[in-house]
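Peer 1: These protein sequence lines are chains F and Z, in that order.
Its first residue numbered 1, the first sequence is counted upward by one per residue in UniProt numbering.
Its first residue numbered 1, the second sequence is counted upward by one per residue in UniProt numbering.
Every residue gets a Cβ at the ideal spot worked out from N, C-alpha and C, and that includes glycine.
Predicted model only: the values in this text are computed from it and were never measured.
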Amino acid sequence: MNDTTGLGDDVQLITLDVNGTSYEVITAPRRTLVDVLRHDLRLTGTHVGCEHGICGACTVLVDGLPVRACLMFAAQAEGARITTVESLADPGTGELSDLQRAFTAHHGLQCGFCTPGFLMLAQGFLAERPEATKEDIREVVAANLCRCTGYQTIVEAIDACATARRSQRAMGAEEESCN
Amino acid sequence: MTSAKDDRLVGRSVARREDPRLLSGRGRFVDDIELPGMLHAQFVRSTVAHGTITEIDLTRVRQVPGVVAAFTAADLELGDITAQLGRPLSEFVPTAMPVLARDRVRYVGEPVAVVVARDPYLAEDGLEAAKVTYAPLPPITCEEQALAPDAPRVHAEAAGNTLVDVGLFATEGIDEIFDQAPCVVHVDVRTGRQNALPLETRGAVAQWDAREEQLVLHACTQTPHQVRTVASRCLRLDERAVRVIVPDMGGGFGLKCVVGREEIAAAAAALRLGRPVKWIEDRKDALSASFLAREQHYTARAAFDADGRILGLDADVVCDMGAYSCYPFTAGIEPLMASAEMPGVYKVPAYRVRGRAITTNKAPTAPYRGVSRPQYVMAMERLMERAARELRLDPVEIRRRNVITDFPYTGVNNITYDPGSYLESLDLCERALREAGWYDRQAAATAEGRHIGIGYSCFSERTGYGSAAFAQRKMEVVPGFDLAEVRMDTSGAVTATTGTISHGQSHETTMAQIVADTLHLDIAKVKLHQGDTDRITYGWGTFASRSIAVGGSAVRLAAAKLGDKLRAIAAAEWGIPPEDTELDRGRVRRRDDPDVALSYERLADTAYLTSHLLPKDIDPGLTATAVFDVHNDGTFSNATHGVVVELHEGTGQVEILAYFCVEDCGVAVNPQVVEGQCRGGIAQGISGALFEQITYDAQGEPSATSFMDYKVPTAQEIPEVVIHHLETPCAFTATGAKGAGEGGTIGAPAAVLNAVNDALRPTGVELDNTPITPETVHRALTPRTPEQTP
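(1) What's the call for V131 of chain Z, buried or exposed, on a 16-neighbour Cβ count within 10 Å?
(2) Can at least three beta-carbon pairs, one atom from the segment 548-560 of chain Z and one from the segment 500-516 of chain Z, be found at a separation below 8 Å?
(3) With DSSP run on the structure shown, which of helix, strand or coil describes V140 of chain F?
(4) Report the residue from Z:F628, Z:L609 and Z:T416 whose alpha carbon sits nearest the alpha carbon of D619 of chain Z.
(5) So if I threshold CB-CB distances at 9 Å, which residues from the segment 692-725 of chain Z count as touching chain A?
(6) With DSSP as the reference, please indicate the residues paired to M97 of chain Z in a beta bridge.
(7) If the cut is a Cβ gap below 7 Å, which residues of chain F does A15 of chain Z touch?
(8) Could you name the residues that DSSP lists as bridge partners for D188 of chain Z?
(9) Would you call R301 of chain Z buried or exposed, if buried means 16 or more other Cβ atoms sit within 10 Å of its Cβ?
(10) Taking a Cβ distance cut-off of 9 Å, strictly less, list which residues of the segment 136-152 of chain F are near chain Z, in chain order.
(11) Mind checking G783 of chain Z: buried by the 16 CB within 10 Å criterion, or exposed?
(12) Which ranges does the beta strand (DSSP E) cover as unbroken runs of at least 3 residues, wholly within the segment 7-85 of chain Z, from first to last along the chain?
(13) Closest to Q530 of chain Z by CA distance: which of Z:L237, Z:G411, Z:E77 and Z:M249 is it?
(14) By DSSP, does A4 of chain Z sit in helix, in strand, or in coil?
(15) Once you ignore the five residues that flank G109 of chain Z on each side, which residues in its own chain have a CB closer than 7 Å to its CB?
(16) Once you ignore the five residues that flank E91 of chain Z on each side, which residues in its own chain have a CB closer than 8 Å to its CB?
(17) Pick from Z:L271, Z:R153, Z:E295 and Z:T82: whose alpha carbon is nearest that of D75 of chain Z?
(18) If you measure from the beta carbon of F43 of chain Z to each beta carbon in chain F, is any gap under 8 Å?
(19) Which residue wins for smallest C-alpha separation from D10 of chain F, given the options Z:L428, Z:R12 and Z:P65?
(20) Can you check the segment 414-494 of chain Z for any beta strand (DSSP E) of at least 3 residues that lies completely inside it and give the ranges in chain order?
(21) In whole angstroms, what separates the C-alpha of E742 of chain Z from that of V259 of chain Z?
(22) Among Z:R441, Z:E128, Z:P152 and Z:L147, which one has its Cα closest to the Cα of residue 796 of chain Z?
(23) Give the interface partners of A388 of chain Z over in chain F, defined as CB-CB distance under 7 Å, in chain order.
(24) Rounded to whole angstroms, what is the Cα-Cα separation between A15 of chain Z and H106 of chain F?
(25) Could you have a look at Q207 of chain Z and say whether DSSP puts it in helix, strand or coil?
(26) Assign C50 of chain F to one of three DSSP states: helix, strand, or coil.
(27) Considering Cα atoms alone, identify which of Z:A737, Z:L199 and Z:R779 is closest to G49 of chain F.
(28) Of the residues Z:T714, Z:D418, Z:L622 and Z:L767, which one's Cα is nearest the Cα of T728 of chain Z?
(29) Is the segment 597-605 of chain Z touching the segment 484-494 of chain Z in the sense that three or more CB pairs, one from each, lie closer than 8 Å?
(30) Which runs of the alpha helix (DSSP H) at least 4 residues long sit entirely within the segment 560-635 of chain Z? Give them in chain order.
(31) Taking only beta-carbon atoms, is D32 of chain Z less than 8 Å away from chain F?
(32) So, for S13 of chain Z: in the same chain, excluding its five sequence neighbours on each side, which residues have a beta-carbon less than 7 Å away from its beta-carbon?
(33) Which class does P702 of chain Z belong to by DSSP, given the choice of helix, strand or coil?
(34) Using a cut-off of 7 Å between C-beta atoms, extract the partners of V155 of chain F located in chain Z.
(35) State the CB to CB distance for the pair F636 of chain Z and S460 of chain Z, rounded to an integer number of angstroms; the pair is presumed to be in contact (CB under 8 Å).
(36) So, does the CB of Y417 of chain Z fall closer than 8 Å to a CB anywhere in chain F?
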């Protein structure tokens, strides 16, 4: 057998847009998006916790919406914009985003394994629903599993980030109206 | 230690130093490790609970495209993993756990063969082609079957399917005490089989390093040095020829503190094939075929006087350990822990206990956060509640009359408890609930016909188990001490090592806080190494809430020694005694003239680069090591939990309305980290009380193999927790800290169960078992006509 990819004979070439970079990947059709991100593109920030769509550790954004990358074949993500946890910090300085900083301030992570999933869930959700209340956040956060924190500090971190963003926007709007 | 009080980092919620990497996807977990030429292992697992293997045919497996090899136990010729207690055969029966099953399987999911392929998907293809034939034997799936006369044996050598049978205590005259007591209450407490369930499953990457002549095993373990020992023995390598490295770890909760079979098998495959081999456990295997926990049964009675004071406690504890005894702790860990510590925070003058570990055809168990204490606390707290009802006493008042108040206190179990705040935490917890208005709300709700209950649990947890405390169990492998090294380089930067290993507990921050304070050094100058057997001389890893109490103390002592050396070098240069110098913000200064100081960089330069200038009695270099052990019975953190629940009539759902925790872990090195440990522990404890359970059918098939069947609570089920801290500094540790990892898990189940029972008070139903299912609650709340009553 002349297969050099280690993937078997049935392979395809796909193009993925991840964090604004375009990647060409030779992959098997049955390979999940999370495996391609982690093992082919070496973007290992996204984690695998259950492989059946419950724990949410593999959450990434696909066209801005949170998606479980273990439930999607990589080939299905062609043509979409994929965003992973590696995109959140400033690429130049490495400075953490406001959401990431809120997680630190509120001790919203312990072992950190589920954290990328929660960050991407929150990132997608707050973009859609900047006015979300703490109760809304708690409901959405219930989509993912964390085994360390008891969730309270995750909810508080996301709520604090949303509140800070709203007050910043309000200040911005005020400044604009003054000008 | 000369730093001014307000400069100190210990006691402050210093921001976690591990966060930036974990938040930006730069953490490195086992599955993130990729090596050139790496292969992937998966395990053929038993489909029957009990049987002899009549044939293993891997011919077709080896023909699957991408499969490189497939091995059985016979192919790998590995030694067994056998955990031992130094007890007579009447008390302990050792059982060998082969790395791969040889001729017999004892639970569904037991590894029978390992398949190695170029890719994990292809390895799974290989599994499907395996043909294993079994001659089934009758499975033992519950305590009643295991202990039945003439029951088939899970292990031929274990008569009565009993691995451990020990009566640790039997106060003389205890029967008379029970005969004469004005009040005797009984409980029959059972707790469900659970999975500790770290979000990251187990895993390993094994590689033979030809240059170092060393097996490098990246493993997801809480006890790297112990994995090294077992790997070297099973693989017949010198211990120095095995290096175990633990990268970032996604939780452990005890499940990863025992040595698993799969990492050893993966290592053996890597040695055979001369190529790196990775094994990552999938969630199905993690749920059903990994180590489980918790299934215990307490039949207990307590005698009280008319005022509600305990006169005696008599308990029979049966722990269902599953198919094998775990290494190194053995099947004794649960019954011996329960037997030794069951009186808990209460003054119990007479005590008798029998503790048994039984073996069944279910996945083996490992310690899980709390180890027996969630269960014995539940039994004790149920006894308290039942006696309070019988004697018409307030549930808090009966506890108040019984908790230990004079320290140090030596109990009937021969344990000396170090000072704690048992009564204070109880009082504060009750006051917090009253002040928050929960008693008023309960009264109002009851008047409206709603079912609101308030429940408490009071407990202490032994945390600083030194080797003396572990040796009492007669383990042949005795954990307890820890070893630290602190070294400074010529730039004045410090590297500390610890034999403990963080899997979420923030050691990189808290240990650095301890070092920075001790050396009076900027925390940015301190880095921690953990989890590498070639970098860390020895250590016992992280379990039993020991890291800060024991490991942190070793770090503290090593840092202090290094500080002494810095002072000695400076003193020699000044020609004054070292006592006349002190550490001050990265410098050593003269006490008599504080403006005269030498920076650490300057002293390190002398120690390494111009060591000829050192006096003869000072060795070159700046390293210091220290060993710390707790030589007495250990340290005891304590807490009171108070919880408010509402029961919903239509659904039987238990809703938690409020949760209060008053905890005392001595000096809290980082209060935010301590709170994180409390909250996480409480979530797991609530989950044990209300949700999680793995049951087995009559054939020994586990009920929960995915998150569709195993309920892990989400942010919707876990309430906000109000935490109050008390601080009784510990005299036995160098940091004043006790452990803080397990308390939440220990206290929550009993508190929730008591709250549910309080809410059920008008129905007359009392529940003693967990998980408390909606069916149970619904049945209790639904009035039955006489015909419906069984």
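Peer 2: Answer, in terms of the structure:
(1) Strictly speaking, residue 131 of chain Z in this sequence is Lys, with Val absent from that position. Under this definition K131 of chain Z is an exposed residue.
(2) yes
(3) helix
(4) Z:L609
(5) The structure shown contains no chain A; its protein chains are F and Z.
(6) Z:I81
(7) T104
(8) Z:T299
(9) buried
(10) I137, R138, E139, V140, V141, A142, A143, N144, L145, C146, R147, C148, T149, G150, Y151 and Q152
(11) Here the sequence assigns Pro to residue 783 of chain Z, which means Gly is not the residue at that position. P783 of chain Z should be labelled exposed.
(12) 39-45, 51-57 and 67-72
(13) Z:M249
(14) For A4 of chain Z, the pLDDT reaches just 47, beneath the cut-off of 50, and the residue's location in the model is therefore unreliable, leaving the point undetermined.
(15) R45, S46, D285, S288, A289 and A363
(16) L85, V164, D165 and V166
(17) Z:L271
(18) no
(19) Z:P65
(20) 451-462 and 482-488
(21) 21 Å
(22) A question about residue 796 of chain Z goes unanswered here, because the residues of chain Z that appear run from 1 up to 790.
(23) By Cβ distance, chain F contributes nothing, its closest Cβ being about 29 Å from A388 of chain Z, past 7 Å.
(24) 9 Å
(25) strand
(26) coil
(27) Z:L199
(28) Z:D418
(29) yes
(30) 600-608
(31) yes
(32) N670, P671 and Q672
(33) strand
(34) A715
(35) 4 Å
(36) no
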